[in-house]
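Right, one structure below, let's go through it.
Numbering (mature numbering (1 follows the signal peptide of the UniProt record, and there is no 0)), first residue to last: -21 to -1, 1 to 160.
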């Protein structure tokens, strides 16, 4: 009789695990693939190409000016005094550093522009992923990433794992700032 009670308890426990496992619904998606199919991406690509061309033209102009100054110095160096040569070399060194900094700033500016242009499309895609996940009762949605661990894009609102960890550590979840629209 005792064995039947134990077997019944085990069976009920297994049924509970199966029922709980059925509530878990995980999806994977490729955000980059979706974004590439968005009609806005063609215009973003054209805008980025134009911006990059502008940056490259500006860098090329500065580089050409620097090269002209170096050639001018090389031609006149033999007839310059030691002090004049040293001053000109110092000036050229500073110009070269300025050119390198301008190149780095242009790269940073390009990355900023890229992020600025992509942000609305990323937001649109993430909002669609969240909506589809909620409508289809997915509990978690991960982004497929090439060669890296998947990134969690969506989890049901009631999955408060972070809050549980904070509570375990004796910390409180900070309140989000009020929307300033």
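We treat Cβ as the ideally placed atom computed from N, Cα and C, and that holds for glycine. On a predicted model such as this, the values are computed, not experimentally measured, just so you know.
Query: Straight-line Cα distance separating residue 96 from residue 163; Result: There is no way to answer for residue 163, as the model of the chain reaches only from -21 to 160.
Query: Close-in-space but distant-in-sequence residues of the same chain around residue 163 (CB under 8 Å, 5 per side omitted); Result: Nothing in the structure corresponds to residue 163, since the chain is present only between -21 and 160.
Query: Residue 5 - partner residues in DSSP beta bridges; Result: 119
Query: Residues near residue 112 by beta carbon distance below 6 Å, same chain, minus five either side; Result: 120 and 133
Query: Beta-carbon gap between residue 81 and residue 135 smaller than 9 Å; Result: no
Query: The segment 86 to 93 in contact with the segment 28 to 45 per 3-pair CB rule at 8 Å; Result: yes
Query: Between the CA atoms of residue 73 and residue 63 - distance to the nearest angstrom; Result: 15 Å
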